[in-house]
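Enquirer: Sequential numbering from 2 applies to the sequence shown in my numbering.
Cβ coordinates follow ideal geometry from the N, Cα and C atoms, glycine included.
All figures in this text were calculated on a predicted structure; none of them were measured in a lab.
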Amino acid sequence: MLLSYADVAAQGAKQTPEEAAAPQPPEIIPSETASTASLIDVDMPSVHTVPSDFLERDIQTETQAERIKREQEAARAAQAASKKKAASKARKADSWITRQFSQLSDGSVTAIAIANVFGVVGVSGFLGYRAWGLYERSRLDWKHVGVGFGVLAAVGAVEAVLGRYLYRSKEEDSS
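(1) Using C-beta distances below 7 Å, list every residue in its chain close to V121, excluding the 5 sequence neighbours before and after it, in chain order.
(2) Does the beta-carbon of L4 have 16 or more other beta-carbons within 10 angstroms, so that it is buried, or is it exposed?
(3) Pick out whichever of W133, A158, S139, I98 has its Cα sitting closest to the Cα of V167.
(4) Let's see if you can read the secondary structure: which residues bound the alpha helix (DSSP H) around D59?
(5) If we ignore side chains and look at the alpha-carbon of each, how far apart do K15 and A23 end up?
(6) Take the Cβ of G149 as the centre, count every other Cβ of all protein chains shown within 10 Å, and call the residue buried at 16 or more, exposed below.
(7) Could you tell me the boundaries of the alpha helix (DSSP H) in which D8 lies?
(8) With DSSP as the reference, label P31 as helix, strand or coil.
(9) Can you tell which of F127, G108, G164 has the C-alpha that lies nearest to the C-alpha of L153?
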C-alpha cells in the first residue's frame, strides 16, 4: 500500500499554534528622533545646539558658506576667462581685416573710396526720391522718415567701420 506524503503527514503529530507560527522579527529601538537628527552639524568636532531659525537660513553651515564662496570665485574666473577669450578673438579678427586692407594697392584703395562715395550718394538719392514721392502724395509720415534715417545710420556705421580699417591699414603701410 502506497501512501502519499500528504497522507503520511496527516497521520503524524500535530504542531501547536506557537510552533507553527513564524519567528518574531527582531525589534529595533530608535535612539533619536527625525526632527533633531537634521540639526546636527557633522563638520563640527562636537555637537552644538543651533538657533530655532536654523532650517530657514539660506546657508546653514560653514561648509556650505565655503562651497558657495568657491563656486562664486570659480564663476568669476570663468567669466573673466571668457571675456579675455572674446577680446582675443576680436583682436584677431581686427588684425585680419587690417591685413586684408593693407594688401590692397593704392589704386584699388582709391577705387574702393570712389565706390563708397557713389554708394552713399546713390542710397541717399534713392531715399530722397522715395521721400519726395511720398510727400507729393501726402503719405509721408514719421514711420517712413524713421526708416529712412535708420537706413542712413546703418550705411554710415558700415562706412565708419570700413573706413577705420582702411585708414589704419594705410597708416601701418606708411610707417
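Expert: Taking the definition as stated:
(1) Cβ within range, chain order: V156, E160.
(2) Under a 10 Å Cβ-count criterion, L4 is classified as exposed, with fewer than 16 other Cβ atoms of the shown protein chains found around its own Cβ.
(3) The amino acid at residue 167 is misidentified as Val; the sequence shows Leu. For L167, the nearest C-alpha among the options comes from I98.
(4) Run containing D59: none; DSSP gives neither H nor E here.
(5) When rounded, the separation of the alpha-carbon atoms in K15 and A23 is 16 Å.
(6) By the neighbour-count criterion, in which 16 or more other beta carbons inside 10 Å mark a residue as buried, G149 falls on the buried side.
(7) Here the alpha helix (DSSP H) through D8 covers 6-12.
(8) Coil, per DSSP.
(9) When each option's Cα is compared against that of L153, the closest is F127.
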